[in-house]
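Trainee: Numbering (the numbering used here), first residue to last: 82 to 167. Beta carbons are placed, not taken as given, at the ideal position from N, Cα and C, and that holds for glycine.
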């Protein structure tokens with residue numbers, strides 16, 4: 082599987098990098114590695130989203146930040162890395 086970041090996810094990652102918050106950056110890295118291994122279970126309390134986000138999943142980065150992603154074929158699409166949802 083490969084990971085594809087949307088423009089928003091790239092901006093979110095840039096934000097976290099600029100903050101220098103190594104704890105959050107390490108958590109994001111660990112979550113991405115875990116998503117590649119077990120997309121629908123594992124760390125970060127994976128949650129299948131509903132309504133307009135149906136088909137997408139989220140995992141907890143911090144108390145108020147989530148990673149939102151979707152698996153299509155062999156690609157993990159990352160939609161956001163900051164905020165509660167998209």
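(1) Let me check one thing: in DSSP terms, what residues is residue 57 bridge-paired to?
(2) If you follow the alpha helix (DSSP H) that residue 109 is in, where does it begin and where does it stop?
(3) In whole angstroms, give me the CA-to-CA distance for residue 165 and residue 142.
(4) Can you look up residue 94 in the DSSP assignment and give me helix, strand or coil?
(5) Could you pull out every residue in the same chain whose Cβ sits closer than 8 Å to the Cβ of residue 126, ignoring the five residues on either side in sequence?
(6) Taking the alpha carbon of residue 154 as the point to measure from, which residue in 128, 148, 145, 120 has its own alpha carbon closest?
(7) Do you know how far the Cα of residue 151 is from the Cα of residue 97?
(8) State the Cα-Cα distance for the pair residue 82 and residue 116, rounded to the nearest angstrom.
Mentor: From the atom records:
(1) This structure gives no information on residue 57, because the portion of the chain shown stretches from 82 to 167.
(2) 103-118
(3) 10 Å
(4) helix
(5) 140, 141
(6) 120
(7) 21 Å
(8) 10 Å
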